[in-house]
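> Next up is a structure, given as C-alpha cells.
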Amino acid sequence: MGIFDGLLGHGSTVDPADLNKRLTGVLIEGETPQLAFKVIRDFFVFTQHRVILVDIQGMTGSKVDYTSIPYRAVTRFAVETAGTFDLDSELKIWVSGTNEPIKKTLKKGTDVRGIQRALATGVLR
1 MGIFDGLLGH GSTVDPADLN KRLTGVLIEG ETPQLAFKVI RDFFVFTQHR
51 VILVDIQGMT GSKVDYTSIP YRAVTRFAVE TAGTFDLDSE LKIWVSGTNE
101 PIKKTLKKGT DVRGIQRALA TGVLR
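See below:
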C-alpha cells in the first residue's frame with residue numbers, strides 16, 4: 001500500500017497535492033514520506049528519519065505549526081485508544097531533554113494502531 005492509497009483513520013485520506021504543498025521546504029534532500037495520517041486538518045507524517053506533526057491552525061489554515069521529531073530523540077511514546085464513553089484517543093511522545101510529552105488528541109476512528117506501528121518502526125530501527 002502506498003502512502004496515498006486510502007490511509008487511515010475513518011476513511012481519512014491524505015491528498016497528495018496538499019501533503020506535497022504542506023511539506024515544501026520541510027523535507028531534506030532524499031527524504032520522503034513513508035506514511036501519513038490525517039486527523040481532521042492535521043497530519044502525522046512519518047519519513048525514514050523523523051516524524052513531522054503538522055498542526056494547521058486558524059479558520060483559514062494559513063498558520064501552520066511544524067513539529068519535527070527525529071526518531072533518535074524519542075525516548076518513549078504512548079497511544080491510548082478511545083473507550084466506550086471517552087470518544088478521543090491520545091498520542092504522547094516523550095523527547096529527550098524534556099519532562100513533559102508532546103500530546104495530540106485523536107478523534108475516535110483514527111487508526112491509532114497504525115500510528116503506534118509507524119512510531120515503533122522508526123524508533124526501534
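Residue numbering for the sequence shown follows the UniProt record's numbering, beginning at 1 and increasing consecutively. We put the CB at the ideal spot given by N, CA and C, even for glycine.
1. Applying the 10 Å Cβ sphere with the 16-neighbour rule, what's the burial state of isoleucine 28?
2. What residues are listed by DSSP as bridge partners for proline 70?
3. Which two residues bound the contiguous beta strand (DSSP E) that contains alanine 118?
4. What span of residues does the beta strand (DSSP E) with threonine 105 cover, start to end?
5. Taking 9 Å as the threshold (C-beta atoms), are arginine 50 and serine 68 in contact?
6. Three Cβ pairs or more, each shorter than 8 Å: is that satisfied between the region 70-90 and the region 116-125?
7. At what residues does the beta strand (DSSP E) containing alanine 36 begin and finish?
8. Return the chain-ordered list of same chain residues with a C-beta closer than 7 Å to the C-beta of alanine 82, the five sequence neighbours on each side being excluded.
9. Rounded to whole angstroms, what is the Cα-Cα separation between glutamate 100 and arginine 76?
Reading it off the structure:
1. So isoleucine 28 counts as exposed.
2. Bridge partners of proline 70: Arg50.
3. Taken as a continuous stretch (DSSP letters only), alanine 118 belongs to no beta strand (DSSP E), being part of the alpha helix (DSSP H) at 112-123.
4. Counting along the chain, the unbroken beta strand (DSSP E) around threonine 105 starts and ends at 102-107.
5. yes
6. yes
7. Bounds of the beta strand (DSSP E) holding alanine 36 are 33-39.
8. Asp88, Ser89 and Lys108
9. Roughly 11 Å between the two C-alpha positions.
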